[in-house]
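Colleague: The listed protein sequences derive, respectively, from chains A, B and C. First residue of the first sequence: 1, per our numbering; consecutive thereafter. First residue of the second sequence: 243, per our numbering; consecutive thereafter. First residue of the third sequence: 365, per our numbering; consecutive thereafter. C-beta atoms are modelled at their ideal positions from N, C-alpha and C, and glycine is treated no differently. Take this structure, written in structure tokens, and hold onto it; I'll ask about it next.
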Amino acid sequence: MSETPALHAAAPVAPAGSVHTSHVAHHFASAQQQFDAGKLGIWIFLVTEILFFGGLFCAYAVYRAIHPEIFLYAHHYLDRTLGAVNTVVLIFSSLTMAWAVRCAQLDQRRGLAACLAITLVCASVFMGVKYVEYSQKWRHGLLWAGWFRPAEGSELSAHGLDGGHGPPPRDTGIFFSIYFLMTGLHGLHVLGGMGVIGWLLTGALRGRYGSQYFAPVDFVALYWHLVDMIWIFLFPLLYLIH
Amino acid sequence: MQHAVAERNGPVVGSAQHTSAHVVPLRVLLGVFAALVVLTYLTVKVAQVDLGAWNLFGALVIASIKAALVALYFMHLRYDSAFYSFLFVTGLAFLVMFLGFTLIDAVAYQPDIEEFRQATGV
Amino acid sequence: MQADAAFILSAVVSLADWRAAMRRLAMFRTELSQTDMSQTLATQPAPPIGPSLPQADNYLTHARGLRSWLFTLDHKRIAVMYLVGILGSFLLGGVFALLVRTELLSPGPTIMGKDMYNHMFTLHGAVMIFLFIIPGIPAVLGNFALPLMLGAKDVAFPRLNLASLWLWIVGAIFFLVAIHVGGLDTGWTFYTPYSTETPTAVIPAGLGAFVLGFSSIFTGINFIVSIHKLRAPGMTWFRMPLFLWGLYATAIIQVLATPVLGITILLLAAERVLEVGIFNPKWGGDPVLFQHFFWFYSHPAVYIMILPGMGVISELVSTFSRRHIFGYRFIAYSSVAIAVWGFLVWGHHMFTSGMTPLAAMIFSALTFSVSIPSAVKVFNWLATMYKGSIRLATPMCYAVAFICLFGIGGLTGLFLGTLATDVHLHDTYFVVGHFHYVMFGGTTVAFLGGLYYWWPKMTGRMYRERWGQLGALLLFLGLNLTFFPQFILGSRGMPRRYYDYSGLLARHPDFQWLHVLSSLGAYLTAVAMLVVLGTLVHSLFRGRPAPPNPWGAATLDWQCPSPPPHDNFAHTPMAGDPYDVEQFEYDPAAEGYVLRTAQGSAEGVAHV
Numbered sequence: 001m002s003e004t005p006a007l008h009a010a011a012p013v014a015p016a017g018s019v020h021t022s023h024v025a026h027h028f029a030s031a032q033q034q035f036d037a038g039k040l041g042i043w044i045f046l047v048t049e050i051l052f053f054g055g056l057f058c059a060y061a062v063y064r065a066i067h068p069e070i071f072l073y074a075h076h077y078l079d080r081t082l083g084a085v086n087t088v089v090l091i092f093s094s095l096t097m098a099w100a101v102r103c104a105q106l107d108q109r110r111g112l113a114a115c116l117a118i119t120l121v122c123a124s125v126f127m128g129v130k131y132v133e134y135s136q137k138w139r140h141g142l143l144w145a146g147w148f149r150p151a152e153g154s155e156l157s158a159h160g161l162d163g164g165h166g167p168p169p170r171d172t173g174i175f176f177s178i179y180f181l182m183t184g185l186h187g188l189h190v191l192g193g194m195g196v197i198g199w200l201l202t203g204a205l206r207g208r209y210g211s212q213y214f215a216p217v218d219f220v221a222l223y224w225h226l227v228d229m230i231w232i233f234l235f236p237l238l239y240l241i242h
Numbered sequence: 243m244q245h246a247v248a249e250r251n252g253p254v255v256g257s258a259q260h261t262s263a264h265v266v267p268l269r270v271l272l273g274v275f276a277a278l279v280v281l282t283y284l285t286v287k288v289a290q291v292d293l294g295a296w297n298l299f300g301a302l303v304i305a306s307i308k309a310a311l312v313a314l315y316f317m318h319l320r321y322d323s324a325f326y327s328f329l330f331v332t333g334l335a336f337l338v339m340f341l342g343f344t345l346i347d348a349v350a351y352q353p354d355i356e357e358f359r360q361a362t363g364v
Numbered sequence: 365m366q367a368d369a370a371f372i373l374s375a376v377v378s379l380a381d382w383r384a385a386m387r388r389l390a391m392f393r394t395e396l397s398q399t400d401m402s403q404t405l406a407t408q409p410a411p412p413i414g415p416s417l418p419q420a421d422n423y424l425t426h427a428r429g430l431r432s433w434l435f436t437l438d439h440k441r442i443a444v445m446y447l448v449g450i451l452g453s454f455l456l457g458g459v460f461a462l463l464v465r466t467e468l469l470s471p472g473p474t475i476m477g478k479d480m481y482n483h484m485f486t487l488h489g490a491v492m493i494f495l496f497i498i499p500g501i502p503a504v505l506g507n508f509a510l511p512l513m514l515g516a517k518d519v520a521f522p523r524l525n526l527a528s529l530w531l532w533i534v535g536a537i538f539f540l541v542a543i544h545v546g547g548l549d550t551g552w553t554f555y556t557p558y559s560t561e562t563p564t565a566v567i568p569a570g571l572g573a574f575v576l577g578f579s580s581i582f583t584g585i586n587f588i589v590s591i592h593k594l595r596a597p598g599m600t601w602f603r604m605p606l607f608l609w610g611l612y613a614t615a616i617i618q619v620l621a622t623p624v625l626g627i628t629i630l631l632l633a634a635e636r637v638l639e640v641g642i643f644n645p646k647w648g649g650d651p652v653l654f655q656h657f658f659w660f661y662s663h664p665a666v667y668i669m670i671l672p673g674m675g676v677i678s679e680l681v682s683t684f685s686r687r688h689i690f691g692y693r694f695i696a697y698s699s700v701a702i703a704v705w706g707f708l709v710w711g712h713h714m715f716t717s718g719m720t721p722l723a724a725m726i727f728s729a730l731t732f733s734v735s736i737p738s739a740v741k742v743f744n745w746l747a748t749m750y751k752g753s754i755r756l757a758t759p760m761c762y763a764v765a766f767i768c769l770f771g772i773g774g775l776t777g778l779f780l781g782t783l784a785t786d787v788h789l790h791d792t793y794f795v796v797g798h799f800h801y802v803m804f805g806g807t808t809v810a811f812l813g814g815l816y817y818w819w820p821k822m823t824g825r826m827y828r829e830r831w832g833q834l835g836a837l838l839l840f841l842g843l844n845l846t847f848f849p850q851f852i853l854g855s856r857g858m859p860r861r862y863y864d865y866s867g868l869l870a871r872h873p874d875f876q877w878l879h880v881l882s883s884l885g886a887y888l889t890a891v892a893m894l895v896v897l898g899t900l901v902h903s904l905f906r907g908r909p910a911p912p913n914p915w916g917a918a919t920l921d922w923q924c925p926s927p928p929p930h931d932n933f934a935h936t937p938m939a940g941d942p943y944d945v946e947q948f949e950y951d952p953a954a955e956g957y958v959l960r961t962a963q964g965s966a967e968g969v970a971h972v
């Protein structure tokens, strides 16, 4: 009695000499399938992040469109230099993260650890600069709408830009609401990324990643590049309004 | 099975049993980084010139080029299956659609709000 | 809590199974000893006659203990745990509904005060939507059947699947906390400015919805990748069962829309805690912006609710008409069309919120066009049934009910999409009737139909058919009695969410008896649900063992035993046409369907 073809098929034959590594889960036919599935999964997750931040970009667009004077006035309170520094730092961290993936793929274990470590350092610098900016705003009462109480006659930035443009337009606090919401959410994502990269670093120091298994490094790097990309848009939109 | 990626794009690692993936050449990574820094400098410089409404447009164009460089090279969309690019662009398209409709509507009903404010002195 | 219940369930099933198994084994041994062995065909021993012996090792008995359930990576166990939680949520939301309907029996105060009433309808909506209906079919039926239908051993990311479940549980806890520490009286739509001012527990509930959103997103990611990467050999995109197309389209929406809900909730929380002013006119914010943000998710969300249901119906209609589904490609494409189009119509919830006429006209036109793919599906199902050999088994009763009830619900949506009529119908009971017809009469009926369909596979038990049919009939009657009067109420001007309608009775004395009818319908519905769920519970204790393919379906999920073993398939199955139901014939001895052979004699379904 022949086996009904609808029910049975030969199990996929593993290539000769293949090693069923512990890295390949039981429901995947091959390491390649697992890698491709993971890659697709992380990309879909990145799309959700785009839509997540997108809501804030939408709020930005709406308020900038209907109250351009608020944005024009208030953005002077942001320090362009610090913003530009942060942009370059984050771009550099993207470079080191992409380099880390390359190191993993080429079995350059020390290079991988070094790149991950440098990425962490850059991220820390970024957060440090953010801390400086935020504390400056806090001191001068330049907070979000409900807590917006600009200090009188205080020096507001290294460039001496202060309320010399006249009194703040009505509802200026909205700009700072959007500023804190967007950079704050972005900062949370940087912190999250730092945590995960730290986890990668411990794994790298134990020699977990190499040309046979570099998926986690690759996928975390994709996330990190998205975080960088969001900042690439935040910088001109918040700091460089003319 | 090896992935048939042209060697000139860089070496392919992996073997039949394990994952194969394209490795981005170092010169590409460094070149993209340099381009990004230059574009950042450009963005700052352009913002210092008064171009009226074109400032925003210019800033967005430059930011988009930077984002494209990051996506194509750092995130290796250039070397991967086109499907991933399709995914990424689709996400952006939906965002643009959401933003666009909302923005158009919000701008369109502003006159009503102004009228109300003037009438009630709020 | 649901892991406990599931554990007890599995223990009971396996115990009852064991006794049945021993009985069957004894019968088989007797038969075998009486059979002339020289007559049996050469290579393999004939499988035992009668409903298949429950596998000694199926996914329910594979491992024991609470930890084996709470930390399982098995999609089938995750589905069972979701089922317990989701039915529990349905019960909670249902109790709120009965309280609301009881209050509305008389125009003035009946059993509660006005503030409590606001809490009741809000929590009814929030619990039903976020805890029951959005996770609903994907989490239970999708999780159980998707890998089986693909011929896979599990979903692409089993740990992510477990995370989805845990997040659901956390979200449910947040909701329970919110109910305890202040309740919620904003309406499930959380509109600003009231939601930023009210002293009720908006933040715990909002955070609950936020967490549930991630549960939904993770499920969506899992299903998309599973369908892309784990299809069995021979299963091209257009040889996939239509339930999977429905889940795929749903997953697209889950992934694209839910993040916007997430950011909306975060902004609402920031508004309440920090006064960021985005939605508060006091600080220059715009409350209508909230509505844009909210409905950008919540409209596609209703397609998250209905698309899996439509997928289930496609399976049921084909199987129980004994015919190949009609217009496979049309149904598949229409699922994706609904998913994409559904993103373009959210403004139809805001026609009376100050939108410009131009925007309103565009949204109205788009709303009309989004009904077309749904209609395409209904026509295809009817064409499938035409000249089919219809068997009104319980799942088919639900499928037929779905077509009627969804038809009514969908058509009434057109009245709401028309600008001129919407001005009168917005925020009336007409809207309430419309969405209950599509969500209860549509999605929930499809969910129950699917549950009855896959129940033999999930539990290895058959339920009593007559009781199942009775439950479906009672539910159909109950739903119509509850919600049809609401169309009349709404079109005559009865507003929704009103606690006290005594002021309206002078001009509309009929409102009272219409409300009474609706409330009676609600009680009938509750009784129906008791029958529906009681039938299933009863089958766990007394149901006869289920054959691998009780319904004669051709999809891969029926090619494994009932219940399936832990790993689903010992060998990756080859995919055929998922709707080639002609290849099966009913075998009374097996009490199920088996492959037709050329000789015409029944051939047992070989155990994989």
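Using a C-beta to C-beta distance shorter than 7 Å, which residues of chain A count as neighbours of D921/C?
Modeller: Going along chain A, no residue has its Cβ under 7 Å from D921/C, so there is no contact; the nearest lies around 13 Å.
Colleague: Counting only Cβ pairs nearer than 9 Å, list the residues of chain C close to Q33/A.
Modeller: What Q33/A touches in chain C: K593, L594.
Colleague: Would DSSP call G210/A helix, strand or coil?
Modeller: Strand.
Colleague: Just confirm the distance between the C-beta atoms of V227/A and L329/B, as a whole number of angstroms; I'd bet it's less than 8 Å.
Modeller: 18 Å between Cβ atoms; not a contact.
Colleague: Strictly by DSSP, which residues pair up with Y446/C?
Modeller: None, per the DSSP bridge assignment.
Colleague: Measure from the alpha carbon of G146/A to the alpha carbon of each residue in T436/C, S926/C, V637/C, then state which is nearest.
Modeller: With distances taken between Cα atoms, G146/A lies closest to V637/C.
Colleague: Cα-Cα, which of V491/C, K593/C, G429/C is closest to V459/C?
Modeller: Among V491/C, K593/C, G429/C, the Cα nearest to that of V459/C belongs to V491/C.
Colleague: From the DSSP output, in three-state form, read off V740/C for me.
Modeller: If DSSP states are grouped into helix, strand and coil, V740/C belongs with the helices.
Colleague: Which of the residues in the segment 33–47 of chain A, read from start to end, lie with their CB under 7 Å from any CB of chain C?
Modeller: Taking 7 Å as the Cβ-Cβ cut-off against chain C, the residues of the segment 33–47 of chain A that qualify are Q33, D36, A37, L40, G41, I44, F45, V47.
Colleague: Give the secondary structure of L959/C by DSSP, where H, G and I count as helix, E and B as strand, and everything else as coil.
Modeller: Strand, per DSSP.
Colleague: Contact defined as beta carbons within less than 8 Å: I believe L812/C pairs with Y887/C. What is the distance between those atoms, to the nearest angstrom?
Modeller: About 19 Å separates the two Cβ atoms, so there is no contact after all.
Colleague: Looking at W231/A and T87/A, is the spacing between their C-beta atoms short of 8 Å?
Modeller: Yes, these two residues count as a Cβ contact at 8 Å.
Colleague: Output needed in chain order: residues of the segment 347–359 of chain B with a Cβ under 7 Å from some Cβ in chain C.
Modeller: Of all residues in the segment 347–359 of chain B, D347, A348, A350, Y351, D354 have a Cβ within less than 7 Å of some Cβ in chain C.
Colleague: Does the CB of D650/C have a neighbour CB from chain B at under 8 Å?
Modeller: Closer than 8 Å: yes.
Colleague: Tell me whether H242/A sits in a helix, a strand or coil according to DSSP, three-state version.
Modeller: Correct three-state label for H242/A: coil.
Colleague: Give a yes or no on contact between the segment 533–549 of chain C and the segment 849–868 of chain C, applying the rule of three or more CB pairs nearer than 8 Å.
Modeller: No, the segment 533–549 of chain C is not in contact with the segment 849–868 of chain C.
Colleague: Does G207/A pass the burial test, meaning 16 or more other C-beta atoms within 10 Å, or should it be called exposed?
Modeller: Classification for G207/A: exposed.
Colleague: Give me the subset of the segment 606–628 of chain C whose CB atoms are less than 8 Å from a CB atom of chain A, sorted by chain position.
Modeller: Cβ contacts with chain A: V619, L620, A621, T622, P623, V624, G626, I627, T628.
Colleague: For the putative contact between A204/A and A98/A, defined by C-beta atoms under 8 Å, what is the C-beta separation to the nearest angstrom?
Modeller: The Cβ separation is near 15 Å, so there is no contact.
Colleague: Skipping 5 residues on each side, what residues in its chain have a beta carbon closer than 7 Å to that of T407/C?
Modeller: Because the pLDDT at T407/C is just 39, under 50, the model does not fix this residue reliably, and the point stays unresolved.
Colleague: Count the other C-beta atoms from every protein chain shown that fall within 10 angstroms of the C-beta of P909/C, then say buried if there are 16 or more, exposed otherwise.
Modeller: Classification of P909/C: buried, given that the 10 Å Cβ count is 16 or more.
Colleague: How would you call W296/B, buried or exposed, if buried means at least 16 neighbouring beta carbons within 10 angstroms?
Modeller: Under this definition W296/B is an exposed residue.
Colleague: Going along chain B in order, which residues have a C-beta closer than 9 Å to the C-beta of H656/C?
Modeller: Residues of chain B passing the Cβ test: F340, F343, T344, D347, A348.
Colleague: In this structure, does DSSP put F707/C in helix, strand or coil?
Modeller: In this structure, F707/C counts as helix in the three-state DSSP scheme.
Colleague: To the nearest angstrom, how far is it from the Cα of L95/A to the Cα of L272/B?
Modeller: Distance between the alpha carbons of L95/A and L272/B is about 7 Å.
Colleague: For the pair the segment 875–893 of chain C and the segment 839–850 of chain C, tell me if three or more CB-CB distances fall below 8 Å.
Modeller: The segment 875–893 of chain C, when compared against the segment 839–850 of chain C, does touch it at the 8 Å Cβ threshold.
Colleague: In the DSSP assignment, find the unbroken beta strand (DSSP E) run with E949/C in it and report its ends.
Modeller: That run of the beta strand (DSSP E) goes 948–951.
Colleague: Is the CB-CB distance between G546/C and T564/C below 8 Å?
Modeller: Contact flag set, yes.
Colleague: Out of curiosity, what's the CA-to-CA distance linking I726/C and L783/C?
Modeller: Their backbone Cα atoms lie some 10 Å apart in a straight line.
Colleague: Residue range of the alpha helix (DSSP H) that V291/B falls in?
Modeller: Per DSSP, V291/B belongs to no alpha helix (DSSP H) and is neither H nor E.
Colleague: Taking contact to mean at least 3 C-beta pairs separated by less than 8 Å, is the segment 653–669 of chain C in contact with the segment 168–179 of chain A?
Modeller: Taking 8 Å as the limit for Cβ pairs, the verdict is that the segment 168–179 of chain A does not touch the segment 653–669 of chain C.
Colleague: Bridge partners of P928/C, per DSSP?
Modeller: Per DSSP, none; premise fails for P928/C.
Colleague: If I follow the unbroken alpha helix (DSSP H) through M938/C, where does it start and stop?
Modeller: Unbroken run through M938/C: none, as it is neither H nor E.
Colleague: Between R64/A and F53/A, is the Cβ-Cβ spacing less than 8 Å?
Modeller: Cβ distance not < 8 Å, so R64/A and F53/A don't count as in contact.
Colleague: Leaving out five residues on either side along the sequence, give the residues of the same chain with a beta carbon under 8 Å from the beta carbon of L680/C.
Modeller: Result list for L680/C: P759, M760, Y762, A763, G813, G814, Y817, in chain order.
Colleague: With a threshold of 6 Å on Cβ separation, who are the neighbours of S926/C within its own chain once the five nearest residues in sequence on each side are excluded?
Modeller: Contacts found: P820, K821, G824, A910, P912.
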